[in-house]
Amino acid sequence: MAAFKKYILDLFVTTRFYIVMGVAVIIFVAAFFIPVLLNVASYFFSLAIIFIMIDYFFMFFLNKTPAVLRNVSDRLSNGDWNYISIKIKNRMPWAVRMDVIDELPEQLQQRNFKISRRFAPAEQQVLEYSIRPLERGEYYFGGIKIYVKSMLGLVLRRYHIDADEKINVYPSFLQLRKHQLLSHGTQLHEQGSRRIRKTGQSMEFEQVKDYVSGDDIRTINWKATARKGMLMVNNYVNEKSQQVYCIVDKGRLMKMPFNGLSLLDYAINSTLALSNVCLQKQDKIGLLSFSNKMGTIIAAERKPVQRENILQALFKESTAFLESDYEMLYTQIRHKIKQRSLLILFTNFESVSGLTRQVNYLRSIAKHHLLLVVFFENTELNSLSRQTAINTDEVYSTTIAEKFAFEKRMVVKELQKYGILSILTPPENLTVNIINKYLEIKARQAL
């Protein structure tokens, strides 16, 4: 059975084989009308069979299995192009052509993947390709199938290389390097960056010291002055360790897709990028996720390992299909977060009525913390509303699209009315806009 599988099941014929056999058939048919061609047809057919047997003998008895090694990172970045390479060496002493088929994970839905290369005798090549995963989770790569044919090109031999491996797809950690910022105050733009002038005075206490000429008299510590019998002043330093919490809504509205990714994935990718910036700015960063029940809770920390903790937590998050419970969120925030912090809520509101049901909870949260609500534009509806209508159906479509776009802008106005910061952003610009806003808040020392 093993010999049958080796010498028969891995045998395939090529297009050139069918062409040769087709020519032989044509000559035989022509010999029926022109008898003198019968000998020519017999010789041609016999010669074809001889070459096919020679090709088969070389491919199945003198051939050696190619040396193959797939090189893929131990983790892939969601929503980004990830590069994979396959190193192949031709171990035969003659030139061959190989068709390489890598069994890609089913999440990619690529059914026609194939790389064809010509290999010289004993030549080694590195084949590179890229994939863009659109879901977080475990991706299973299967084996590598290689179809080899010689220069005669009449038969193919299939080799199956066992290369099964499991790779985890994490939130977009490739954005960390893209959006990495220096410690000086900057603001990201798609076209570059600009410096922001810092204003105000920090009030983080450092020590009590003797008064010297030029010290601000408003910082005099009168109790220490009375004990010491001489003027003493409080010394303050720039506050570096503020608390920032990213709150990710996992409700049904975050399931909406955009360019292959869900809004939840955009929020997760931006959370990871923002956490890296916050740690560089010496701030403490934490994470909360919720839907109809509370999800991940990571207390704000400034340790370098915090970025990895957030990455591992975001890897497991998924969208729920129920309404998000903002009352529960408010209760958990009051219970878990004692210090005034910057809370960045990634959510989505499609209408003013949707906001109205939750605005009282947002106002309650904003009384104790600096709340920034981030939600998304529907870019397809925006483009539809800008189209020129030429018939009645298009008039209705553009009008309804404009109504939804207007509702989004009204949500911003409603939040501003209660003094709640907000960002209405297209999904593709979320990371840049949220980092810009964070740097602006930090530069204004609004927290």
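Counting along the sequence shown from 1, when you hit position 171 you're at 170 in numbering that gives the first Met the number 0, and nothing is skipped either side. Every residue gets a Cβ at the ideal spot worked out from N, C-alpha and C, and that includes glycine.
Cut-off 8 Å between Cβ atoms - residues of its own chain near residue i, not counting five sequence neighbours on either side
i      : result
Leu230 : Asp209, Tyr210, Ile219 and Thr224
Leu310 : Tyr169, Pro170, Phe172 and Leu271
Leu423 : Phe374, Phe375, Glu376, Lys407, Arg408, Val410 and Val411
C-alpha gap between residue i and residue j, whole angstroms
i      : j      : result
Glu316 : Ile296 : 12 Å
Arg306 : Asn275 : 7 Å
Phe31  : Ala47  : 20 Å
Lys366 : Arg339 : 10 Å
Asn234 : Leu133 : 51 Å
Phe56  : Leu262 : 57 Å
Gly285 : Ala266 : 15 Å
Ser323 : Met253 : 10 Å
Ser84  : Val71  : 7 Å
Leu10  : Ile26  : 27 Å
Ser288 : Phe345 : 10 Å
Tyr329 : Leu370 : 12 Å
Asn89  : Glu105 : 29 Å
Trp93  : Thr13  : 19 Å
Met293 : Glu326 : 11 Å
Pro256 : Leu107 : 16 Å
His368 : Ser269 : 21 Å
Thr64  : Leu151 : 19 Å
Val24  : Ala121 : 38 Å
Leu37  : Asp54  : 26 Å
Val357 : Gly228 : Looking at the sequence provided, one finds Gln at residue 357 rather than Val. Gln357 and Gly228: Cα-Cα distance of roughly 56 Å.
Asn258 : Leu68  : 33 Å
Gln206 : Gln281 : 20 Å
Leu175 : Ser76  : 11 Å
Lys402 : Gly213 : 60 Å
Beta carbon of residue i nearer than 8 Å to that of residue j
i      : j      : result
Val372 : Leu341 : no
Glu376 : Pro303 : no
Leu153 : Arg251 : no
Trp80  : Arg135 : no
Ser149 : Met52  : no
Ser290 : Leu260 : no
Leu354 : Val410 : yes
Lys86  : Val125 : yes
Ala404 : Asn381 : yes
Ile364 : Ile332 : yes
6 Å Cβ shell around residue i - same chain, five flanking residues per side excluded
i      : result
Lys165 : Glu137 and Tyr139
Tyr146 : Asp98, Leu155 and Arg157
Gln109 : Leu103
Ala40  : Ile26, Phe27 and Ala30
Leu420 : Leu371
Leu187 : Summary for Leu187: the model assigns pLDDT 47, below 50, so the residue's position carries little reliability; its value from the coordinates is reported in the next sentence. Once the five neighbours on either side are set aside, the close Cβ partners of Leu187 are Val431, Ile434 and Asn435.
Val19  : Ala47
Given residue i as reference, the closest of the options once Cα atoms are compared
i      : options                           : result
Arg408 : Asn428, Tyr437, Ile143 and Asn347 : Asn347
Leu313 : Val24, Ile246, Ser323 and Asp101  : Ile246
Ile216 : Val232, Arg226 and Glu205         : Val232
Glu102 : Phe44, Asp161, Asp73 and Arg333   : Asp161
Glu127 : Ile114, Asp163 and Ala119         : Ile114
Met91  : Trp221, Phe118 and Met293         : Phe118
Ile433 : Lys412, Tyr244 and Gln281         : Tyr244
Lys283 : Glu300, Leu273 and Ser269         : Glu300
Gln279 : Asp264, Asn258 and Ser240         : Ser240
Glu248 : Val207, Ala319 and Asn111         : Before going further, note that residue 248 is Asp rather than Glu in the sequence given. For Asp248, the nearest C-alpha among the options comes from Ala319.
Val22  : Asn111, Tyr6, Ser45 and Trp221    : Ser45
Glu349 : Glu393, Lys5, Tyr437 and Ala400   : Ala400
Gly418 : Arg356, Ala445, Tyr395 and Asn428 : Ala445
Ile343 : Gln386, Ile7, His334 and Tyr437   : Tyr437
Leu61  : Tyr6, Arg69, Met20 and Ile18      : Tyr6
Gln123 : Ala66, Asn167 and Ala298          : Ala66
7 Å CB neighbourhood of residue i in its chain, flanking five on each side removed
i      : result
His159 : Gly142 and Lys144
Phe112 : Ile100, Asp101 and Leu103
Val95  : Asn89, Phe118, Val147, Lys148 and Ser149
Leu383 : Ser396, Thr397 and Ala400
Helix, strand or coil at residue i according to DSSP, with G and I counted as helix
i      : result
Lys148 : strand
Gln305 : helix
His159 : strand
Met293 : strand
Thr387 : coil
Ala94  : coil
Leu37  : helix
Tyr235 : strand
Tyr138 : strand
Gln206 : strand
Arg443 : helix
Arg74  : strand
Asn258 : coil
Ala66  : strand
Ser288 : strand
Lys249 : coil
Closer than 7 Å: residue i CB and nearest the ligand ZN heavy atom
i      : result
Arg356 : In terms of ligand content, the structure shown is empty, and the ligand ZN therefore cannot be addressed.
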